[in-house]
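Only one structure is covered here, and it is reproduced in the block below.
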Amino acid sequence: MNKVIFQRTKALTDNEFSYCAGCTHGIIHRLVAEVLEELNLTDKTIGISPVGCAVTNYNNFNCDMVQAAHGRGPAVATGLKRVLPDRFIFTYQGDGDLASIGTAEIVHAAHRGEKIIVIFVNNAIYGMTGGQMAPTTLIGQKTSTSPFGRTKEQAGLPIRMSELLATIPGAAYIERVSVHNPAHVRKAKQAVKRAFQTQIDQKGFSLIEFISTCPVNWGMTPSQALKWVEENMIPYYPLKVFRDDTKEEGQ
0 MNKVIFQRTK ALTDNEFSYC AGCTHGIIHR LVAEVLEELN LTDKTIGISP VGCAVTNYNN
60 FNCDMVQAAH GRGPAVATGL KRVLPDRFIF TYQGDGDLAS IGTAEIVHAA HRGEKIIVIF
120 VNNAIYGMTG GQMAPTTLIG QKTSTSPFGR TKEQAGLPIR MSELLATIPG AAYIERVSVH
180 NPAHVRKAKQ AVKRAFQTQI DQKGFSLIEF ISTCPVNWGM TPSQALKWVE ENMIPYYPLK
240 VFRDDTKEEG Q
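By numbering that gives the first Met the number 0, the letter at position 167 of the sequence shown is numbered 166, and the numbering carries on one by one without gaps.
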């Protein structure tokens, strides 16, 4: 009898992902879904779909999903969690959704200590709308709206959202991870699980920032994009736990 060693998580539907080749949204979806299944939370969870490349991820997750207006995921999540405190709520947002139009929403949700989880996907560009410069675009990075490369003088430095949110007292757990190789995929899953455990324990606001790829808008092959993440994004966006207030005193 053959032993099953790997299979599709039941927290994902049978719908195929619609993402471009080499995009790591699919890996991130898989990690979130695996955690939902392993913690037996699938039937108790409500996810918030963003505006961006993952706008139709309600077709992929096998839990209840709600579509939010651009940048308003944390506000929708706040309302759901307060009305349905026994449900587990997460938002799934890109850098344009969270770090641009939704900056005020995410800052105030963290400041209030809302007991929600934010999955923040940072690929340093607006992916769905044509590859424009994002708040997280690196200095020198070329986009459709910065064809000669982003400059500090014109656009300022790229915003580091995890570092910013970690200064807020209401934030309980903030970590930045990547999925550019298997070792980091495994570590990223543990971060997602820790975030959901933080909500189970009612500790407060959690955010997991994923450094992700956008090969098409970066003008790279999938393998080149993974290397670019390691050589360019991670040095500016270091992978680490920025805040962890989940442990009991004395631990």
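Glycine included, each C-beta is placed from N, C-alpha and C at the ideal position.
The model shown is predicted, which means the values in this text are computed figures rather than measured ones.
Remark: C-beta atoms of G25 and A53 do not approach each other more closely than 8 angstroms. Bridge partners of Y91 according to DSSP: I118. Taking E33 as the centre and dropping the five residues before and after it, the same chain places the C-beta of T8, A10 and K188 closer than 8 angstroms to its C-beta, in chain order. An exposed status is given to N39, since fewer than 16 other beta-carbon atoms sit within 10 Å of its beta-carbon. Its Cα nearest to that of R29, the residue I118 stands out among K80, R175, I118 and G112.
Per the DSSP secondary-structure output, I47 pairs in a beta bridge with V65 and T90. Bridge partners of L11 according to DSSP: F60. Three or more Cβ pairs drawn from the stretch 94-103 and the stretch 61-77 lie within less than 8 angstroms of each other, which places the two stretches in contact.
Rounded to whole angstroms, the gap between the alpha carbons of D244 and N1 is 44 angstroms.
The secondary-structure analysis by DSSP pairs F5 with nothing; it has no beta-bridge partner. Annotated three-state conformation of L35 is helix, per DSSP. Ranked by Cα distance from E104, the first of F5, F204, Y236 and R242 is F204. Residue pairing by DSSP places E208 opposite F119 and R175 in a beta bridge. Beta-bridge pairing by DSSP links V240 to E174. Boundaries of the alpha helix (DSSP H) around G72: G72 to V82. Exposed is the label assigned to Q201, since fewer than 16 other Cβ atoms lie within 10 Å of its Cβ.
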